[in-house]
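Here our numbering is used: the first residue of the sequence shown is 4, the next is one more, and so on. Think of the CB as a built atom: it goes at the ideal place given N, C-alpha and C, for glycine as much as any other residue. On a predicted model such as this, the values are computed, not experimentally measured, just so you know. Here is the structure we will look at.
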Amino acid sequence: MRYRFGEFALDEDTRQLMAGDREVHLSRKAFELLTALLRERPRALSKTELHSLLWPDTFVSDANLAMLVAEIREAIDDDARAPRFVRTVQRYGYAFHGSATTEPSGPGTSAQFMYWLVAPLRQIPLTAGENVVGRDPNLQVWLDSASVSRHHARITIDGTRVTVEDLNSKNGTRVRGNEITAPFKLADGDEIRFGSIAVTFRVWAGGEVTKTEPDL
């Protein structure tokens with residue numbers, strides 16, 4: 004199974020954590036912990052459960068578990084005080100925090116539909132799961148403009164449903180000229196404006212452009 008969250012993708016079969024086309028290193032135990040949190044989301048896993056999973060025949064202190072969580076947070080640029088992905092449940096354990104999507108992994112699992120943004124002078128492919136848009140060059144959709152916030156918006160692809168959501172950006176996100184305040188379903192050809200940067204959302208399927216019906 005492959006899990007996509009934020010700019011990351013975790014593949015259980017290949018045992019890889021990817022940020023775009025860059026592999027992110029995790030120790031074996033940290034990878035198993037992150038996989039367990041993703042698999043059981045949004046349920047919080049107790050420290051007892053996690054100890055049994057990670058160290059079934061060995062007694063270790065809670066400090067070992069905390070070290071693995073710290074390793075994961077460093078790898079995925081998470082902040083314990085304002086978590087995007089890993090939440091500490093005080094006096095209990097940990098939970099995956101935020102949205103994630105799943106898809107089969109392995110040969111022959113590429114998506115039937117392809118999605119991308121047409122921006123000035125370039126095309127930006129979108130992948131299944133979350134695609135964060137912003138001025139941060141480490142994001143999937145990097146828009147280098149002062150009018151774009153560091154983490155400006157999020158485009159989520161879940162099967163054939165694609166939505167865009169503003170992330171409390173300074174200059175707002177607009178679709179078809181209207182500022183959005185909640186997740187908005189996109190249709191092929193929609194103009195999206197992040198700050199002053201306008202892009203066009205496009206859908207490709209089966210060798211021809213597919214028009215999807217907008218939500219009115």
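Thr-17 versus Glu-74: straight-line alpha-carbon distance, rounded: Cα-Cα distance, rounded: 20 Å.
Selection from Ala-39, Asn-181 and Arg-46 that minimises the alpha carbon distance to Leu-71: Looking at the Cα atoms, Ala-39 is the closest of the given residues.
Minimum C-alpha distance to Leu-120 - residue among Glu-15, Asp-14, Glu-26 and Ala-190: Minimum Cα distance to Leu-120 is reached at Ala-190.
Ala-47 versus Arg-153, Thr-159, Val-151 and Gly-96, residue with shortest Cα-Cα distance: Just measuring C-alpha positions, the residue of Arg-153, Thr-159, Val-151 and Gly-96 sitting nearest Ala-47 is Gly-96.
Expected contact under 8 Å - CB spacing of Val-135 and Leu-129 to nearest Å: That belief does not hold up - the Cβ atoms of Val-135 and Leu-129 are roughly 11 Å apart, past 8 Å.
Close-in-space but distant-in-sequence residues of the same chain around Gly-132 (CB under 6 Å, 5 per side omitted): Around Gly-132: Arg-7 and Thr-104.
Between the CA atoms of Met-117 and Gly-209 - distance to the nearest angstrom: Bear in mind that a pLDDT of 46 at Gly-209, under 50, signals an unreliable position, so the number given afterwards is only what the model happens to contain. Using only the alpha carbons, I get a separation of about 9 Å.
Alpha-carbon to alpha-carbon, Arg-5 and Asp-2: This structure leaves residue 2 out entirely; the chain is present only between 4 and 219.
Counterpart residues of Leu-20 in DSSP-defined beta bridges: Looking at the DSSP assignment, Leu-20 forms a beta bridge with Leu-13 and Val-27.
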